[in-house]
Every structure is written in structure tokens, then in C-alpha cells.
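*Asks:* Under numbering that gives the first Met the number 0, think of the first position of the sequence shown as 0, with each following residue one higher.
Yeah, the Cβ is synthetic: ideal placement off N, Cα and C, and Gly gets one too.
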Amino acid sequence: MKILVLNGPNLGRLDLRDSKLYGNLNFTQLKDLISSEGEKLGFQCDVRQSDSEVEIISWLHEAADAKLPVIINPAAFTHYSYAIRDAADMVTAPLIEVHLSNPLAREEFRHTSVISGIASGTIAGFGPDSYRLSLIAMANLLK
Ligand code: DQA
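(1) Since residue 53 sits in a beta bridge, which residues does DSSP pair it with?
(2) Run through DSSP, which three-state label would residue 111 get?
(3) Do residue 110 and the ligand DQA come close, with the Cβ less than 7 Å from some heavy atom?
(4) Would you check whether the ligand DQA has a heavy atom nearer than 7 Å to the C-beta of residue 10?
(5) Answer yes or no: do residue 114 and residue 73 have a C-beta to C-beta separation smaller than 8 Å?
(6) Where does residue 121 sit, in a helix, a strand or coil, going by DSSP?
(7) Would you say the beta carbon of residue 100 is closer than 7 Å to some non-hydrogen atom of the ligand DQA?
(8) For residue 17, name the three-state secondary structure that DSSP assigns.
(9) Does the Cβ of residue 9 lie closer than 7 Å to at least one heavy atom of the ligand FMN?
(10) Alpha carbon to alpha carbon, what distance is there between residue 137 and residue 129?
(11) Locate the beta strand (DSSP E) running through residue 147, then write down its first and last residues.
(12) Since residue 46 sits in a beta bridge, which residues does DSSP pair it with?
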């Protein structure tokens with residue numbers, strides 16, 4: 000089964016970000032991890048990253064039209080993009096919110112997620128393992 004794994008702004012530059020928060024993988028390595036872990040669970044993961052809100056919204060529209068499950072790390076858009084929330088709300092298949100770091104253990108502006116309320120669930124704080132856990136959760140939701 001195909002699933003979309005969408006990643007928001009600055010996640011394409013993980014090698015330049017704080018490895019204590021985000022782990023030691025660059026985005027290419029993270030993408031490979033997601034693809035191989037997804038394959039073990041029977042998923043064909045289409046892993047994408049964009050710094051553009053418009054592009055992420057268009058990918059969510061695509062998921063809504065094709066009834067595709069979505070794992071999404073909206074990155075900083077998590078905290079304020081009502082447009083991404085509204086687009087995510089149109090996805091009828093399960094949608095899981097994922098974060099590398101634990102936003103609730105960080106600055107106060109990260110304590111709000113405008114996405115969580117429409118997500119099937121949220122997994123955060125386990126570095127790259129957050130994605131692995133979200134793939135397992137997705138497999139269970141789709142059983
Ligand atoms: C993040 C957490 C966000 O607060 C931050 O803006 C990111 C990454 C995470 O995966 O931990 O860019 O979504």
C-alpha cells in the first residue's frame with residue numbers, strides 16, 4: 000500500500016540542525032530509513048519534503064483525492080498553519096502527526112499544535128525512531 004510521508008520546512012537540512020534535538024541522520028538517511036522500515040510493513044512510502052506551505056497543501060489535497068494515508072511532520076507549520084490543518088482535515092484515510100523532537104519539552108510557542116486535533120494520533124520525541132513508530136501505528140490502524 001502506498002502512503003505519503005510529508006515533511007515540512009527546514010527538515011531537508013537536518014545535518015545543519017541541532018542533533019541533540021533531531022538526531023544524527025541527514026534527510027537522505029532519514030528518507031532511506033522510512034522507506035526501508037515502511038517496506039517491512041508492506042508500505043510503499045512516498046517521502047517528500049518542502050519548505051513551502053502551498054506545496055504541502057497540494058500534497059494533502061492529493062492524499063484526500065486518492066484516499067491515501069499520511070504521516071506528516073509539519074515542522075514549524077505545526078504551530079500556526081490553519082491552512083495545513085484544513086487541508087489535513089480533508090484526508091479521510093488515517094493521518095499521523097510525527098516529530099523528531101518533543102515540542103512539549105521545548106519553547107512555549109511549540110506547545111501548540113494546530114494539527115493534533117485532526118490527526119489520528121501524534122508521535123514525538125524519539126528522533127528518527129518517531130517515524131519508525133508512526134509506521135507501526137499506521138500499519139495497526141489500517142489492519
Ligand atoms: C519538529 C518540531 C518543530 O517545532 C520544529 O519547528 C521543526 C521540527 C520536529 O520534528 O521535532 O522544524 O517538527
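*Replies:* Working from what's here:
(1) Residue 53 is not bridged to any residue.
(2) coil
(3) no
(4) yes
(5) yes
(6) strand
(7) yes
(8) coil
(9) You won't find the ligand FMN in this model; what it holds is the ligand DQA.
(10) 12 Å
(11) For residue 147 there is no data in the structure shown, the boundaries of the chain being 0 and 142.
(12) 4
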